[in-house]
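Working notes, structure below.
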Amino acid sequence: MAASFEKTTPVVLILEDEITLKGLGRTPLKPTGVLDVFESFDVTPVIGREFPNASLKDFLSAPNSDDLLLSQRGVVFFRKQDGLDDNLQKELVQRLGELSGKPETSGLHIHPVVNSGREHSVTDDEISVVSSQQRQMLYPDRNSRRQTARHEWHSDIAFEAIPSDYTLLRMTELPKTGGVTLPRGTALKSTLVLAVPPVIRTNPVTGWKSVFAVGNLVQKINGVTDEESAHLLNWFVSLIIENHDLQVRHRWQNPNDLAIWDNRSVYHAATWDHEDLGPRTGHRAVGLGERPYLDPNSTLAVARHWPGIHRDRDVFP
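In terms of UniProt numbering, the sequence shown opens at residue 1 and continues consecutively.
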């Protein structure tokens with residue numbers, strides 16, 4: 001039996017023989033250079049790029065937004081986007097997904113819990129409000145400081161049959177300090193044989209494969225024993241925690257600072273260290289991507305960042 005992982009929320013059942021790689025695997029996209037005119041810098045050698053002075057309105061008016069740059073860097077940051085509202089935020093996320101080739105049936109996600117029915121929310125269901133005040137009401141057992149926050153790591157809406165491609169988070173209210181966001185790349189390869197949803201998936205934009213089964217939305221890996229599953233899931237999280245060179249620690253500085261990340265290749269976690277320092281609120285738009293798949297011809301991203309790593313055993317024993 002092929003290895004896959006179970007979701008914490010019921011999803012549409014997908015049988016392995018009902019879907020093939022034909023039509024899913026695509027030639028990776030090439031950068032257009034549209035964004036080269038904007039000042040930017042790489043936050044770390046491996047992950048993250050910041051555009052300190054660019055306006056996202058300029059990106060929306062460009063003939064072809066450079067989505068490959070976003071996916072190759074995993075996450076990009078923009079400061080003080082005061083001209084961006086919820087509608088433009090949604091437009092940008094949808095456009096990024098369309099440019100990267102997502103199916104026509106994939107629009108924006110409506111969160112089953114964090115939606116317009118909540119107290120700290122907006123009337124638009126396609127904008128989920130990330131609120132420290134709302135979190136205290138919905139998840140009271142997850143707000144106190146603990147010795148470890150390893151279970152905070154996740155990729156957005158991994159519980160869906162069609163999970164997310166891109167997330168855009170725009171912070172509208174910041175505490176005096178704290179509340180940083182930690183994106184982390186998933187540039188690793190496994191020798192597991194995969195079904196759908198996969199433990200390892202291919203990013204159709206970059207052609208890179210990476211671990212997908214990580215975080216609090218994953219219960220169990222199928223096709224292995226319970227003990228083996230627990231070991232693998234704990235190991236995946238340990239790889240995130242222990243590889244600091246694959247992490248970027250983003251400090252929010254101004255209202256309307258924002259980040260866009262590719263959920264197919266990046267996990268993230270918020271730091272809940274700002275009790276009594278003020279509320280932390282952000283508006284989030286989450287795009288629906290494609291059904292996860294593994295293309296056997298996809299490449300290993302670590303070989304790009306660390307040329308000495310070329311073989312399976314260099315990453316996984």
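Virtual Cβ for every residue (Gly too), placed ideally from N, Cα, C.
According to DSSP, residues forming a beta bridge with residue i
i	result
residue 170	258, 283
residue 108	287
residue 270	181
residue 42	49
residue 300	209
residue 157	None, per the DSSP bridge assignment.
residue 236	Bridge partners of residue 236: none, in fact.
residue 250	181
residue 122	Bridge partners of residue 122: none, in fact.
residue 77	50, 259
Sub-8 Å separation of residue i and residue j beta-carbons
i	j	result
residue 249	residue 182	yes
residue 172	residue 293	no
residue 333	residue 257	Limits of the chain in this structure are 1 at one end and 317 at the other, which puts residue 333 out of reach.
residue 167	residue 286	yes
residue 178	residue 273	yes
residue 218	residue 270	no
residue 237	residue 214	yes
residue 54	residue 41	no
residue 127	residue 284	yes
residue 150	residue 221	no
residue 74	residue 262	yes
residue 154	residue 134	no
residue 114	residue 93	no
residue 224	residue 212	no
residue 86	residue 110	no
Buried or exposed by the 16-neighbour rule on C-beta atoms within 10 Å, applied to residue i
i	result
residue 230	exposed
residue 36	exposed
residue 108	buried
residue 268	buried
residue 264	buried
residue 56	buried
residue 320	Within the shown structure, residues of the chain are numbered from 1 to 317, placing residue 320 beyond reach of any answer.
residue 21	For residue 21, the predicted structure reports a pLDDT of 44, less than 50, and the residue's modelled location is therefore unreliable. The matter cannot be settled from this model.
residue 290	buried
residue 89	buried
residue 235	exposed
residue 354	Residue 354 lies beyond the stretch modelled for the chain, which goes from 1 to 317, so this question has no answer here.
residue 195	Only weak support is given to the placement of residue 195: the predicted model assigns it a pLDDT of 44, under 50, and the value that follows is read from those uncertain coordinates. When all chains shown are included, residue 195 counts as buried.
residue 247	buried
residue 104	exposed
residue 276	exposed
residue 156	buried
residue 197	buried
Beta-carbon separation (whole angstroms), residue i vs residue j, contact threshold 8 Å
i	j	result
residue 323	residue 71	Residue 323 is absent from the structure shown; the chain starts at 1 and stops at 317.
residue 131	residue 281	5 Å
residue 100	residue 208	Between residue 208 and residue 100 the Cβ distance is about 13 Å, and since that is not below 8 Å, they are no contact.
residue 51	residue 76	7 Å
residue 60	residue 98	With a Cβ gap of about 13 Å, residue 60 and residue 98 do not count as contacting.
residue 255	residue 174	6 Å
Assigned secondary structure, residue i (DSSP; H/G/I helix, E/B strand, else coil)
i	result
residue 221	strand
residue 127	coil
residue 205	coil
residue 244	helix
residue 295	coil
residue 324	The question about residue 324 has no answer, for the chain in this structure spans 1 to 317.
residue 150	helix
residue 231	helix
residue 214	coil
residue 333	With the chain covering only 1 through 317, there is no way to say anything about residue 333.
residue 21	Model confidence at residue 21 stands at a pLDDT of 44, short of 50, so the residue's coordinates are unreliable and nothing is read from them.
Check: residue i C-beta below 7 Å from any heavy atom of the ligand NAD
i	result
residue 290	The ligand NAD is not part of the structure shown, which contains no ligands of any sort.
Short CB-CB distance (under 8 Å) between residue i and chain D
i	result
residue 34	Looking for chain D here will not work: only one protein chain is present.
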